[in-house]
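To start, the structure under review is shown below, and the notes come after it.
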Amino acid sequence: MSQQVSMEASSILSVLKKKLAFLSGGKDRRSGLILSIPLGSDQTSMEELSDTLDYLLSIPSDKCKARGFTVIVDGRRSQWNTVKTVVLMLQNVIPAEVSLVCVVKPDEFWDKKVTHFCFWKEKDRLGFEVILVSANKLTRYIEPSQLTDDFGGSLDYDHSDWLGKRLVFEKFTKESTSLLDELSIINDGDKSANKDKSADCVLLPSFDPETVLQTGHELLSELQQRRFNGSEGGGGAGGQGQGGPTWRPMEEELLAQPQVMKLLDSLREQYTRYQEVCRQRSKRSQLDDIHAKVMQVVTWLQGPGSELLKTHQAIGDSMRAAQALQQKHEEIESQHSEWFAVYVELNQQIGALLSGGEEEEATELKALQQQLSNVCYQQAAQLESRQNVLQAAHGFHGAAQELSQQLDGLLGMLCADVAPADGSAIQQNLKLLEEKLQSVEAGLTSLREKGALLLEPMCSQASWPQDEGESPAGEQENVQQIHAVMEEMQLRKQRCEDMVDVRRLKMLQMVQLFKCEEDALQSVEWLGELLDALLKTHVRLGDDSQETKSMLDKHRKFVDVAQSTYDYGRQLLQATVVLCQSLRCTTRSSGDTLPRLNRVWKQFSVSADERQHRLELALDFHDAAERVLREQHVEAESLDDVDSSGKTLLDRLSMPVIFPDGSEQCFGSQGDAAAAAECVRERLLLVEERRQESDVCERGEGLHGLDVIGEELSEKEEDEEEQAEPRVEAPEQER
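Quick note: the sequence shown uses this note's numbering, first residue 31, plus one each step.
Below you can see the structure in the form of structure tokens.
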């Protein structure tokens with residue numbers, strides 16, 4: 031292999047183009063290379079000539095240089111001093127490699143004595159022989175086939191072609207060497223980095239390996255063609271005679287060919303490894319891409335997808351609300367469907383890779399596939415469970431709506447005035463009431479069945495991952511809502527049943543219109559008993575809002591009963607008058623029965639209004655107090671409102687009932703009033719303590735206690751009413 035050049039042709043291209051010196055490829059009889067220095071008529075730059083010689087002498091191998099150079103200095107168009115300077119310069123540039131210097135003299139020769147004496151004198155110091163020879167006698171020392179046509183030889187030499195080929199060779203050598211270093215770093219770095227993704231940035235070398243390989247193959251083909259084809263003129267190869275049989279390739283060309291072949295072999299080897307590295311990285315990139323997509327699907331399903339389902343757990347409070355929730359759920363399912371489609375695509379890709387993957391990759395792919403499948407199937411189960419709950423909720427709200435309409439129809443019938451003409455009409459109305467009541471009972475049974483169907487999927491659905499000790503608040507709210515709807519319908523049914531009982535009693539009383547005065551007086555007595563019961567026993571205001579609401583509902587029912595009794599008494603009196611007129615007899619009730627009935631009713635109305643007003647004040651107070659006690663962050667304005675409503679209620683409790691005639695009477699005894707006031711004060715103390723607390727109690731603890739107390743108080747009050755009820759109905763039984 032030739033030694034490494036100290037410079038590149040491209041760096042002194044402008045100097046080399048001047049052809050100050052050249053290696054034609056010719057050889058002397060000792061097989062030494064012929065170096066030609068054609069001097070021109072212009073002054074030759076010794077520095078440029080020195081650079082040219084340095085470059086040319088760096089091309090042959092050491093073995094070739096050891097055979098020595100024959101230097102032809104063409105001085106035919108130059109001055110003797112220039113020739114002498116060039117010959118002396120050879121001593122510094124290539125003293126050991128020069129065997130013979132042939133100075134081609136011009137036709138008009140220089141001073142022979144001077145020149146001959148000068149070179150003879152300097153022979154020992156120069157280290158090489160210098161001869162002066164004419165161009166036609168140069169063949170004495172060098173074969174004509176090894177001389178260019180400038181010296182009468184037959185060797186073809188194209189300096190521009192040689193320089194172009196030399197640039198190609200050096201460019202290929204430089205690019206291939208640099209490419210080999212880069213590919214080696216990439217290939218070795220891929221192993222040491224252990225598939226580190228950060229090494230991807232150096233996967234692209236500075237030169238295209240395919241282009242460099244193509245350039246090398248073309249160059250090698252050119253060198254091989256020059257070696258075996260004697261008919262081709264030599265550019266960079268040095269050429270040969272036109273006959274060709276005695277042509278001998280230039281050493282530079284023979285050395286360049288194995289160098290190019292070795293570079294090509296190394297480059298092909300590294301490029302093959304590089305392609306394998308790229309293939310492995312492409313495979314790794316494909317695995318990483320699948321892994322990233324899998325993580326993207328898993329992250330969305332476990333993140334935003336799960337949050338969508340978690341934040342939409344309500345079941346609505348009506349059929350319309352349930353339908354709206356179903357539409358929203360369909361939108362959520364649509365969003366999930368897009369990710370499920372990605373899951374299907376990824377599953378197919380993973381299956382394709384598993385069919386031809388390695389064992390290590392198969393393990394990783396199977397783990398990804400299992401993780402993706404688990405998350406997708408779990409999310410699909412959540413979606414299906416939510417859909418089942420919404421369908422059951424729609425049926426439940428439909429049953430509740432139908433039952434509510436039935437109750438409204440029954441209530442409308444109960445609120446309508448009935449004035450049948452005879453007893454048979456009264457019996458027909460009673461039968462219609464019973465039929466409506468049975469329909470309500472059947473509707474309530476259906477509601478309970480659908481409520482059970484709704485609670486079943488809610489309790490059996492897959493629960494969301496939660497922190498230890500955390501309760502599913504949304505599910506509890508839905509369960510409470512279902513139970514609340516069924517309880518509300520049960521209460522409405524109970525109220526209608528109570529009103530049906532009143533209406534039934536009223537209609538039965540109307541059958542007995544002929545009992546004129548007796549029944550009218552009985553009505554006055556009943557109303558008086560109701561007034562007495564209202565003033566003596568209806569004192570409590572409830573310990574919480576739930577109990578107060580229940581007492582308020584019962585009070586309205588109580589007032590309705592009193593209203594019915596009053597209306598019944600007036601109707602009896604009117605019927606008595608009509609009957610008396612039709613019978614043309616004098617009625618004893620025309621005297622003081624009607625004024626007594628009106629007086630008692632006015633007293634009852636005033637008392638009932640006062641009772642209702644107090645219950646409403648108590649309800650507002652309890653609502654405000656419970657809201658303050660329940661909330662974590664309470665504003666001072668809310669606390670002040672509770673204090674104000676409590677004080678207003680206490681002031682109201684201390685006031686007596688003033689009847690239209692100016693008389694006064696208090697609700698219950700002083701002890702009963704004090705007990706009712708004490709309950710309010712206790713609640714005010716709790717609110718005051720709440721004002722001083724810095725931390726907020728957990729939501730629901732106080733409400734749970736209030737619900738238990740409310741249920742006990744509600745049961746106690748119902749027991750008291752049941753005990754007091756026979757006293758009101760006793761006159762009817764006696765009658």
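Backbone N, C-alpha and C define an ideal beta-carbon position, used for all residues, glycine too.
Model, not experiment: these values are computed from the prediction.
Inset, instruction - Could you spell out the range, first to last residue, of the beta strand (DSSP E) harbouring Val134? - result: 128-134
Legend entry - Cβ neighbour criterion (16 or more within 10 Å) applied to Ser66: buried
Legend entry - Three-state secondary structure (DSSP) of Ile124: coil
Legend entry - Ser54 in three-state terms, based on DSSP: strand
Legend entry - CA nearest to the CA of Gly428, picked from Leu384, Ser415, Ser476: Ser476
Inset, instruction - Count the other C-beta atoms from every protein chain shown that fall within 10 angstroms of the C-beta of Asn166, then say buried if there are 16 or more, exposed otherwise. - result: exposed
Legend entry - Cutoff 7 angstroms; reference Trp330; Cβ partners in own chain excluding five residues on either side: Trp369
Legend entry - Gln506 beta carbon less than 9 angstroms from that of Asp347: no
Inset, instruction - Say whether the segment 572-592 touches the segment 623-638, bearing in mind that this needs 3 or more beta-carbon pairs closer than 8 angstroms, one atom from each stretch. - result: yes
Legend entry - Outcome for Ser9 when other beta-carbon atoms lying within 10 angstroms are tallied against a minimum of 16: Summary: the structure shown does not reach residue 9, with the chain confined to residues 31 through 765, and so no result is reported for it.
Inset, instruction - In the DSSP assignment, find the alpha helix (DSSP H) that holds Phe634 and state where it starts and stops. - result: 623-660
Legend entry - Sub-9 angstroms separation of Phe158 and Val290 beta-carbons: no
Inset, instruction - Could you tell me whether the Cβ atoms of Leu714 and Asp671 are closer together than 9 angstroms? - result: no
Inset, instruction - Starting from the C-beta of Glu212, find all residues in its chain whose C-beta is less than 7 angstroms away, skip the five residues before and the five after it, and write them out in chain order. - result: Pro235, Ser236
Legend entry - Selected residue, minimal CA-CA separation from Gln400, among Leu680, Val374, Val103, Gly442: Val374
Legend entry - Residues of its chain near Gln34, where Cβ-Cβ distance is below 6 angstroms and the 5 sequence neighbours each way are ignored: Its pLDDT being 43, under 50, Gln34 is placed unreliably by the model, and nothing is read from it.
Legend entry - Whether Val419 touches Pro487 by CB criterion (9 angstroms): yes
Legend entry - Span of the alpha helix (DSSP H), counted from its first residue to its last, around Leu46: 43-46
Legend entry - Buried/exposed call for Lys93, threshold 16 Cβ in 10 Å: exposed
Legend entry - Beta-bridge pairing of Pro68 - partner residues as DSSP gives them: Asp104
Legend entry - Limits of the beta strand (DSSP E) - the one that Glu78 falls within: Note, Glu78: premise wrong, no beta strand (DSSP E); alpha helix (DSSP H) at 76-87.
Inset, instruction - Measure the alpha-carbon distance for Gly572 versus Val509 and round it to whole angstroms. - result: 26 angstroms
Legend entry - Distance between Glu517 and Ala455 (C-alpha atoms, nearest Å): 35 angstroms
Inset, instruction - Excluding the 5 residues preceding and the 5 following Leu485 in the sequence, name in chain order all residues of the same chain whose CB lies nearer than 7 angstroms to its CB. - result: Val509, Ile512
Legend entry - Endpoints, beta strand (DSSP E) assigned at Val163: 159-163
Legend entry - Proximity below 9 angstroms, CB of Arg533 to CB of Leu444: yes
Inset, instruction - Could you please give the first and the last residue of the uninterrupted alpha helix (DSSP H) stretch that includes Gln109? - result: Looking at the DSSP string, Gln109 is not in any alpha helix (DSSP H), and its letter there is neither H nor E.
Legend entry - In DSSP terms, what Thr178 is bridged to: Leu185
Inset, instruction - Can you give me the start and stop residues for the alpha helix (DSSP H) that Gly676 sits inside? - result: 666-683
Inset, instruction - Count the C-beta pairs between the segment 395-410 and the segment 463-479 that are closer than 8 angstroms, then say yes if the count reaches three, no if not. - result: no
Inset, instruction - Under the assumption that Lys323 contacts Leu250 (Cβ atoms under 8 angstroms), give the Cβ distance between them as a whole number of angstroms. - result: About 47 angstroms separates the two Cβ atoms, so there is no contact after all.
Inset, instruction - Can you say whether Pro90 is buried or exposed, counting buried as having 16 or more other CB atoms within 10 angstroms of its CB? - result: buried
Inset, instruction - With a cut-off of 8 angstroms on the beta carbons, I'd call Gln300 and Leu210 a contact; round off their distance for me. - result: 6 angstroms
Inset, instruction - Answer with buried or exposed for Ala411, where buried requires no fewer than 16 other C-beta atoms within 10 angstroms of its C-beta. - result: exposed
Inset, instruction - State the DSSP-derived secondary structure class of Val324, mapped to helix, strand or coil. - result: helix
Inset, instruction - May I ask you to report which of helix, strand or coil DSSP gives Glu363? - result: helix
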